[in-house]
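The structure appears below as structure tokens.
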Amino acid sequence: MNRGRRKAFFCIIAAVMLAAILGGCGSKKQAGATAVPPVAVELAQVKRGSIAQMVRVTGIVRAGTTVQVMAAATGKVKAVYVNVGDKVSQGQVIAELDNAVQAASLEQAQATLEQAQLGLEQAGAALKQAEAQAAMDAANLQRIQTLYDQGAASRQQLDAANLAATVSRENLAAARASMEAARARIAAAEAGVRQAQTALDNTYVKAPVDGEVAARLVEPGALAQGPLVTLVTTGSLQVEIGVTEEDVNYLKPGGEVNVEIPAVDGKLQGRVASVGPAAEEASRVFKVKIDLPDPPAGVKPGMTATVTYTTRRVDNALLVPKNAVVKRGTQDVVYTVVDGKAVGRPVTTGVAGDEKVEIVKGLTAGDSIIVKGQDFISEGQPVEVVNGGAKE
């Protein structure tokens, strides 16, 4: 081999060795880069228990019963004594109409009654006098008749006594008739007073029920031709919600639901009052009304409410935390630990609650599953259990 060829050969050998050395270094670096530290995870055991699937629907508080308060009389409104939001009691005067004419009529009727009462007193006195006179004349006639029969009285005396008795009887009958007429005038006058009093009372508009003023519809000076005030009956509030066709059959009249009213931080039990027989045309939901038997203080129509009710319930179900179930593609997976590595187990879920979910297929009671750290692992990845086991 000549000198030029040997030089070329050594150059090739050197190049091959350099490539080998560089290749070896690259392999070491790559091997070091793929060494992944274990992910810290926590375990829990699959347990059995009861679970309910809840549906939450937002609705609006409505006035359960509204009352339009109208005046029983006609005329101009003199005063309105309530404003929107005021609490009123049954019988409380909430408005007044001009009533000068009615008040004058009542005074006149009362004066007429006083006159009739005076006439009754006078008729009573006259009747007593007529009764006494008639009794006296009757006794005198009997005495004169006896004397006449004995020849001790003349015919003229007997005729005079007889005439006096007749006149007194006629006067007594007239006095009795006057007394009846006086009583009739009393009755008529009392009726007049009652009528006038009713007419005056009708100018005072009173609350027919306990409630809260929802609307003040007139002001002083207006004619009382329609409702003056709208009341919402106390304690009569409802929540109105729209329910889909999938869930409507879970709600029955009389059934209890949970109601939350954020504006007053109120939580209470509601009762289904009615379920719409057909879906609304525009929204395709069924209107459901829920009574609030004892609403918290401060709840008003128009406030937002959240209604929660149960659609499904399963007892003795296999339960795991909802966040333990992760999606891998289209498959629900729960991770377990085998030989220090994460192993995914495909599962089929059932009823889902707020925190737990039912496992229909894929796990058994007592299985240990990853409940923390599962979002950061993949199949076969090394893991480190940091809660000391799965005895939760």
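Residue numbers (mature numbering (1 follows the signal peptide of the UniProt record, and there is no 0)): -19 to -1, 1 to 373.
The C-beta atom is built at its ideal place from N, Cα and C for all residues, glycine as well.
Q103 classed as buried or exposed, judged by whether at least 16 other C-beta atoms fall within 10 angstroms
It is exposed - the Cβ of Q103 has fewer than 16 other Cβ atoms within 10 Å.
Around the Cβ of V65, are there at least 16 other Cβ atoms within 10 angstroms (buried) or fewer (exposed)?
When all chains shown are included, V65 counts as exposed.
How is S31 classed by DSSP in three states: helix, strand or coil?
When DSSP states are grouped into helix, strand and coil, S31 belongs to the strand group.
Quick check: the stretch 74 to 81 against the stretch 109 to 118, are at least 3 beta-carbon pairs closer than 8 Å?
In this structure the stretch 109 to 118 does not lie against the stretch 74 to 81, because fewer than three pairs of beta carbons, one per stretch, are closer than 8 Å.
Since G192 sits in a beta bridge, which residues does DSSP pair it with?
Per DSSP, the beta bridge partners of G192 are V69 and T214.
Are the beta-carbon atoms belonging to V63 and V194 less than 8 Å from one another?
Closer than 8 Å, so yes.
Of the residues E360, V174, S264 and G354, which one's Cα is nearest the Cα of R309?
Nearest C-alpha to R309 among E360, V174, S264 and G354: E360.
List the residues that DSSP assigns as beta-bridge partners of F267.
Note: F267 is bridge-paired with V224 in the DSSP secondary-structure output.
Below 8 Å between beta carbons: does that hold for A134 and L128?
Yes, these two residues count as a Cβ contact at 8 Å.
Range covered by the beta strand (DSSP E) that runs through K342
Start and end: K337 to K342.
Look at A188 and G72 and say whether their C-beta atoms are less than 8 Å apart.
One thing to note: A188 has its Cβ within 8 Å of the Cβ of G72.
State whether the stretch 262 to 275 contacts the stretch 214 to 226, with contact taken as three or more CB pairs (one from each stretch) at a distance under 8 Å.
Cβ pair count under 8 Å is three or more, so yes.
If you draw a straight line from the C-alpha of V48 to the C-alpha of V38, how long is it?
Straight through space, the alpha carbons of V38 and V48 are spaced by roughly 29 Å.
Within 8 Å, strictly: CB atoms of A162 and T93
Result no, Cβ atoms of A162 and T93 do not sit closer than 8 Å.
Under the rule that 16 or more other beta-carbon atoms within 10 Å means buried, what is E151, buried or exposed?
Within 10 angstroms of the beta-carbon of E151 lie fewer than 16 other beta-carbons, which makes it exposed.
With a Cβ-Cβ cutoff of 8 Å, do V307 and P327 count as a contact?
In this structure, P327 does not lie closer than 8 Å to V307 by Cβ.
Between which two residues does the alpha helix (DSSP H) holding Y129 run?
Counting along the chain, the alpha helix (DSSP H) containing Y129 begins and ends at A81 to D130.
Could you give the residue range of the beta strand (DSSP E) that holds K247?
The displayed chain sequence assigns Gly, not Lys, to residue 247. Taken as a continuous stretch (DSSP letters only), the beta strand (DSSP E) holding G247 covers G247 to V256.
Only counting the same chain, and skipping five residues up and downstream in sequence, which positions put a Cβ closer than 7 Å to that of P234?
The residues V253, A254, S255 and V256, in chain order, have a CB closer than 7 Å to that of P234 in the same chain once the five nearest residues on each side in sequence are set aside.
Backbone CA spacing between R294 and V229 [nearest angstrom]:
If you take the alpha carbons of R294 and V229, they lie about 16 Å apart.
Pair within 8 Å by beta-carbon distance, L209 and M51:
For L209 and M51, yes; Cβs fall inside 8 Å.
Give me the Cα-Cα distance between A137 and V148, rounded to the nearest whole angstrom.
This sequence places Gln at residue 137; Ala is not what is there. So the two alpha carbons sit approximately 17 Å from each other.
For M284, the first and last residue of its enclosing beta strand (DSSP E)
Element bounds for M284: n/a, residue is neither H nor E.
Pull up the CB-CB distance for S349 and Q34, whole angstroms please, since I reckon it's below 8 Å.
For S349 against Q34, the beta-carbon gap comes to about 26 Å, at or over 8 Å, which does not count as contact.
Cα-Cα separation, F357 to V366:
About 14 Å.
Would you mind reading off the limits of the beta strand (DSSP E) that contains V20?
In the DSSP assignment, V20 falls within the unbroken beta strand (DSSP E) covering V20 to Q26.
DSSP state of P302, grouped into three classes?
Reduced to three states, the DSSP call for P302 is strand.
Proximal residues to A111 (C-beta, below 6 Å), its chain only, five neighbours per side dropped
Cβ within range, chain order: N152, L153 and A156.
Here's a check: name, in chain order, each residue in its chain whose Cβ is nearer than 7 Å to the Cβ of Q312, leaving out the five neighbours to either side.
Residues P327 of the same chain have their beta carbon placed closer than 7 Å to that of Q312, with the five preceding and five following residues left out of the count.
Please work out which residues of its chain come closer than 6 Å, Cβ to Cβ, to T214, disregarding the five sequence neighbours upstream and downstream, and give them in chain order.
The beta carbon of T214 sits closer than 6 Å to those of T46, V190 and G192, all from its chain and outside the five residues before and after it, given in chain order.
Can you tell me where the beta strand (DSSP E) with Q312 in it begins and where it stops?
Q312 to V319 is the extent of the beta strand (DSSP E) around Q312.
Please report the straight-line C-alpha distance between Q98 and R166, rounded to a whole angstrom.
So the two alpha carbons sit approximately 8 Å from each other.
Look at T289 and N239 and say whether their C-beta atoms are less than 8 Å apart.
Closer than 8 Å, so yes.
What three-state label does DSSP hand V148 in the structure shown?
If DSSP states are grouped into helix, strand and coil, V148 belongs with the helices.
Please return the same chain residues whose Cβ sits closer than 6 Å to the Cβ of V199, not counting the five positions on each side in sequence.
Apart from the 5 residues on each side of it in sequence, V199 sits with its Cβ closer than 6 Å to the Cβ of V58 and L209 in its chain, given in chain order.
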